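In my numbering, the protein residues as written are 6 to 318. Heads up, the beta-carbon is just placed ideally off N, CA and C, and yes, glycines get one too. Computed from a prediction, not measured in an experiment: that's the story for all the values here.
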C-alpha cells in the first residue's frame, strides 16, 4: 500500500479543487492511501479582503515570516511514499500558511527524506515563489522530484484587473464583455488529473524518486519568459518595502498603515508608468537577449519542464 500526503492551503477554494483533482487518480486506486492536510491559520484571513488588510499581509509574507497555524492532523512520525504540496502565490512569495508548514517542526519531520511534488496555482507569476519553495524544501531535507504550475489563461493586463477584483470583492465573473472570469480555467484543473495518473504509475513502478522527473513530457511547468525580468524586479522591490514596513511597526498599527498608503500610491504609479516603458524596452531588446532568455526559461521550468510530447502517447 502506497501512502500519499496532500498538503495545501486554499482561501478561495481554487487550490483545494486543484489538489483534489490532481490527486484523484491516487485516491481512487485500491493500492494507494491518500491523506489530505488542509492548513488552517490560527488567525483566519478575511475574504474578500479589505484593501489595507490585504496590503498589511505583504511585509511578513515576503519576509517568509510564518504565521501560527493549527496543529497538523498528520502524524509527523508517519512516513509517506510521496507528499504533494499545493500552494498559491501572495506577493511573489508562497502563501504564509505554506511557509509556516515548511518551517514548522512537524512539517519538516514529514518532509525530511521524502519525495515531494510541488503544485502552484496562481495568476501568472510563480517563479520567485518557487525559488523560495525550493530553498525551504532543501532546508527541510525533502527531495523535490517534480513541479506543476497552473495559471490563469487571461493576459497579464486583464488579470491585473480581474485577480484583484476577485480578492477584494469576491467576484470572479466575466464583466464588461472584455474581462474574462478570474482564476484558473476549469478545463485546466480537470486536466491536471493526468499528473496524478503519472504519479500513480511511478509509485507502482518504484520510480517516483529515481532521479528522473515523472511528469516530464506532460506540460507540467510552462514558463512565460516575458515575465522573468518583471518578477525579478518585482521581488527586489517587494523585499525592500517589506523591510521598511516591518521596521515601521507590526501589522495593524497606524504608522504602518500610513506607510502602506504611500506604498499603494507608489505601486499604482509604477504599474501605470514604469512597467509599460520597461515592457516596451524589453520587447525591443529581446532579439539581442534571446540566448539568455532561453537559458532562464529552461532553468525555471525544471525539474518537470514544459514539453507536452508525452500527453497523447
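Whole-angstrom Cβ separation of residue i and residue j, contact assumed at under 8 Å?
i	j	result
residue 20	residue 130	16 Å between Cβ atoms; not a contact.
residue 167	residue 184	5 Å
residue 180	residue 67	Wrong, their Cβ atoms sit about 30 Å apart, outside the cutoff.
residue 81	residue 111	4 Å
residue 221	residue 312	7 Å
residue 155	residue 103	With a Cβ gap of about 16 Å, residue 155 and residue 103 do not count as contacting.
residue 115	residue 142	Not a contact, Cβ separation roughly 12 Å.
Which partner residues does residue i have in the DSSP bridge list?
i	result
residue 151	122
residue 38	8
residue 320	The chain is shown only over 6 to 318; residue 320 falls outside these bounds and no answer can be derived.
residue 98	95
residue 156	127
residue 13	43, 91
Closer than 8 Å by C-beta to residue i: which residues in its own chain qualify, once you throw out the five before and the five after it? Chain order, please.
i	result
residue 27	89, 91, 124, 153, 197, 198, 200, 201
residue 118	146, 147, 148
residue 60	265, 268, 269
residue 208	7, 9, 31, 37, 86, 87
residue 298	230, 233, 291
residue 260	253, 254
residue 192	none
residue 210	none
Leaving out five residues before and five after residue i in sequence, what residues of the same chain have Cβ atoms less than 6 Å from its Cβ?
i	result
residue 120	87, 148, 150, 213, 214
residue 194	22, 23, 26
residue 218	151, 308, 309
residue 301	233
residue 256	61
residue 171	177, 187
residue 54	172, 173
residue 128	157, 164, 168
residue 94	127, 131, 134
residue 113	145
residue 314	222
residue 63	96
Leaving out the 5 sequence neighbours to the left and right, which residues in its chain are closer than 7 Å to residue i when beta-carbon positions are compared?
i	result
residue 246	268
residue 2	Outside the shown range of the chain (6 to 318) lies residue 2, about which nothing can therefore be said.
residue 240	97, 133
residue 57	262, 265
residue 16	50, 52
residue 236	97, 130, 132, 133
residue 295	none
residue 287	234
residue 163	184, 185
residue 29	198, 201
residue 282	none
residue 216	none
Does the ligand FMN have even one heavy atom less than 7 Å from the beta-carbon of residue i?
i	result
residue 183	Ligands displayed in this structure: none; no statement on the ligand FMN is therefore possible.
**Asked** Between the stretch 133 to 142 and the stretch 33 to 53, do at least 3 Cβ pairs fall closer than 8 Å?
**Response** no
**Request:** Would you mind listing the beta strand (DSSP E) stretches within the stretch 174 to 241 that are 3+ residues and don't spill past its ends, in chain order?
**Result:** none
**Request:** Evaluate the contact criterion for the stretch 298 to 313 versus the stretch 216 to 236: three or more CB pairs, one atom per stretch, below 8 Å.
**Result:** yes
**Asked** Can we say the stretch 23 to 40 touches the stretch 97 to 107, given the rule of at least three CB pairs closer than 8 Å?
**Response** no
**Request:** Taking 8 Å as the threshold, find out whether the stretch 172 to 179 comes into contact with the stretch 246 to 264 through three or more Cβ pairs.
**Result:** no
**Request:** Give, in chain order, every unbroken run of the beta strand (DSSP E) that is at least 3 residues long and sits entirely within the stretch 28 to 86.
**Result:** 37 to 43
**Message:** Could you check whether the stretch 68 to 83 touches the stretch 269 to 280, counting it as contact only if at least three pairs of C-beta atoms, one from each stretch, sit closer than 8 Å?
**Reply:** no
**Request:** Answer yes if the stretch 105 to 112 comes into contact with the stretch 53 to 72, meaning at least three C-beta pairs across the two stretches below 8 Å, and no otherwise.
**Result:** yes
**Sequence ranges, alpha helix (DSSP H) only - wholly within the stretch 260 to 286, length at least 4** = none
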